[in-house]
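In terms of my numbering, the sequence shown opens at residue 110 and continues consecutively.
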Amino acid sequence: MNFLAHAYLSFGDPKVLIGNFIGDFVRGPIEEIYEKDIVVGILLHREIDKFTDKHPVVKDAQEKLKPQYGRYGSVITDMYFDYFLGKYWNNYHHLPLEVFAKDTYAIVEDHIDILPENFLKAFQYMKHYNWLLSYSNLNGIRRAMTGLSKRTRFDSKMETAHLFLEENHEFLKEHFGDFFEELVTFAKERYFALKSET
């Protein structure tokens with residue numbers, strides 16, 4: 110999943126949100142570097158990603174993307190699911206998305222001194238272009254996919270992924286709905302388990 114989903118799946122816990130955001134940016138003995146709840150967030154992030162990668166509904170969506178986008182289907186699917194979460198945000202959260210995004214950026218900035226340098230570079234772009242909000246519309250997805258396509262090693266064709274989303278909107282929306290409810294249940298269970306275990 111992408112940043113909006115990881116923020117949402119932190120369940121209003123600021124330290125866990127920090128860990129959830131930096132999960133892809135840290136290696137090594139995280140227990141020695143970060144406090145307990147940030148470690149919970151990092152571990153939760155990794156479990157969310159594993160659950161997502163193995164889920165049959167996600168794999169089915171990626172298979173539809175494969176002929177056109179090959180190995181980049183998983184990246185694109187993550188972006189699509191953030192799009193659907195943002196587009197239908199009011200079904201999932203009591204705060205408006207604009208407020209949730211602003212609050213999330215503020216939490217990250219409150220912890221700026223302990224965050225890895227490679228994450229901070231991404232965060233600068235995230236806040237400047239308001240990724241958490243902009244992914245909820247097709248123009249935001251188009252800009253993000255075009256930017257990603259310029260940084261890929263091979264011809265990813267990601268600059269056309271917003272068109273694929275438009276053309277297959279109902280198929281992908283249905284897949285997101287089927288998958289995300291299960292993901293929320295899984296992530297909530299793992300959140301409470303990790304909080305008690307770590």
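C-beta: ideal position from N, C-alpha, C; glycine also.
Treat the numbers as computed from the prediction; the structure is a model and nothing was measured.
Is it right to say residue i is buried, meaning 16 or more other beta carbons lie within 10 angstroms of its own, or is it exposed?
i      : result
ALA182 : The residue you asked about is not Ala; residue 182 is Gly in the sequence shown. Its Cβ being crowded by 16 or more others within 10 Å, GLY182 is buried.
THR213 : buried
ILE71  : Nothing about residue 71 can be reported from this structure: the residues present for the chain run from 110 to 307 only.
PHE280 : exposed
ASP222 : exposed
LEU204 : exposed
HIS271 : buried
Is it true that the CB of residue j sits closer than 7 Å to the CB of residue i?
i      : j      : result
LEU113 : LEU224 : no
ILE131 : PHE228 : yes
PHE288 : VAL166 : yes
PHE134 : PHE295 : no
LYS282 : PHE190 : no
LEU274 : MET267 : no
Cα separation between residue i and residue j?
i      : j      : result
ILE157 : ILE250 : 22 Å
PHE83  : LYS173 : In this structure the chain extends from 110 to 307, so residue 83 is not present and cannot be described.
LYS259 : GLY150 : 30 Å
TYR143 : GLU276 : 44 Å
VAL125 : SER119 : 6 Å
TYR178 : SER243 : 23 Å
LYS211 : ALA116 : 12 Å
GLU298 : LYS304 : 10 Å
ASN111 : PRO176 : 23 Å
HIS284 : GLN171 : 11 Å
GLY121 : TRP198 : 15 Å
ARG262 : VAL217 : 30 Å
VAL293 : VAL208 : 21 Å
HIS237 : GLU140 : 31 Å
PRO308 : GLU306 : Residue 308 lies beyond the range of the chain shown here (110 to 307); nothing can be said about it.
HIS202 : GLY286 : 15 Å
GLU226 : HIS278 : 36 Å
What residue from the options has the CA that sits closest to residue i's CA?
i      : options                           : result
ALA215 : GLN233, TYR201, VAL149 and TRP198 : GLN233
ALA253 : PHE263, ASN239, ASP264 and PHE130 : ASN239
LEU247 : VAL217, ASP122, THR269 and TYR143 : THR269
ASN129 : LEU204, LEU153 and GLU141         : LEU153
ASP264 : PHE295, ARG180 and VAL135         : ARG180
THR186 : LYS168, TYR201, PRO205 and PRO176 : LYS168
ARG136 : ARG155, LYS145 and ASP122         : ARG155
THR255 : GLY121, PHE193, LYS196 and MET188 : MET188
PRO123 : LEU206, LEU204, LEU274 and ASP219 : ASP219
SER245 : GLY195, GLU306, GLU226 and GLU141 : GLY195
GLU345 : ASN200, MET235, PRO138 and LYS145 : Outside the shown range of the chain (110 to 307) lies residue 345, about which nothing can therefore be said.
Would you say residue i faces chain B, with C-beta separation under 7 Å as the test?
i      : result
GLY182 : No chain B is present in this structure, which holds just one protein chain.
Could you give the uninterrupted runs of the alpha helix (DSSP H) lying entirely in the stretch 239 to 296, keeping only those of 4 residues or more? Entirely contained in the stretch 239 to 296, the alpha helix (DSSP H) runs reaching 4 residues are, in chain order, 240 to 243, 247 to 258 and 270 to 276.
At 4 residues or longer, and completely inside the stretch 168 to 242: list those alpha helix (DSSP H) runs for me, N to C. Those alpha helix (DSSP H) runs which fall completely within the stretch 168 to 242 and span 4+ residues are 182 to 196, 206 to 219 and 226 to 237.
At what residue ranges does the stretch 122 to 149 contain a whole run of the alpha helix (DSSP H), taking only runs of 4 or more? Counting whole runs of 4 or more residues, the stretch 122 to 149 contains the alpha helix (DSSP H) stretches 123 to 131 and 139 to 142.
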